[in-house]
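Asker: Take any residue in the sequence shown, count from 1 to its spot, add 362: that is its number in the numbering used here. The beta-carbon is built from N, C-alpha and C at its ideal position, and this holds for glycine as well. Bear in mind the structure is a predicted one, so any value in this text is a computation, not a measurement. Could you have a look at this structure, given as structure tokens, before my questions?
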Amino acid sequence: MHRFKDLEIWKKSRLFCSTIYEITPSFPESEKFGLTNQLRRAAVSIPSNIAEGSSRLSNKDFSRFLQITLGSAYEIETQLLIAFDLKLINDGELNTLLKELNAIVKMTSKFKSTLKV
């Protein structure tokens, strides 16, 4: 078992989740149950899956949860690009968010590759 609260990917993804929650209130009310909800759910999924996976007794199980984490990250990337296309976020916001997200993806992939399964 791993102590998820000690993992940098968990800390970074938790902060990223807060950032998503900070930007989505500016989205139109019509997106409350659409893009806003999807972005928030996927963002919450990243640190949640890291935490849940860390409780598993085998690295193989933890690795599977990290793969789900990566899937959520790519889902967020797509949703952010759509938000940009719809002019819900600007170029600067998009670039900042994608940079943060890319760092999480790289850290998660690297960590996943170190697990002996």
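1) Just the C-alpha distance for S417 and K449, rounded to the nearest angstrom, thanks.
2) Do the segment 421-433 and the segment 388-395 make contact, defined as three or more Cβ pairs closer than 8 Å?
3) What is the residue span of the alpha helix (DSSP H) that G433 lies within?
4) Would you mind stating whether M469 and I382 have Cβ atoms separated by less than 7 Å?
5) Does the beta-carbon of F366 have 16 or more other beta-carbons within 10 angstroms, so that it is buried, or is it exposed?
6) In three-state terms, what does DSSP make of K374?
7) Count the other C-beta atoms from every protein chain shown that fall within 10 angstroms of the C-beta of G396, then say buried if there are 16 or more, exposed otherwise.
8) For P409, name the three-state secondary structure that DSSP assigns.
9) In chain order, what residues of the same chain lie with their CB nearer than 6 Å to the CB of A404, ignoring the 5 residues before and after it?
10) In whole angstroms, give me the CA-to-CA distance for I408 and S375.
11) Report buried or exposed for G415, applying the criterion of at least 16 other Cβ atoms within 10 angstroms of its Cβ.
Answerer: Considering the structure as presented:
1) K449 has its alpha-carbon roughly 40 Å from the corresponding atom of S417.
2) no
3) Segment N421 to D447, the alpha helix (DSSP H) holding G433.
4) It is not a contact, given that the beta carbons lie outside the stated cut-off.
5) buried
6) helix
7) exposed
8) helix
9) S434, E437 and I438
10) Each residue's Cα considered, the two are about 6 Å apart.
11) buried
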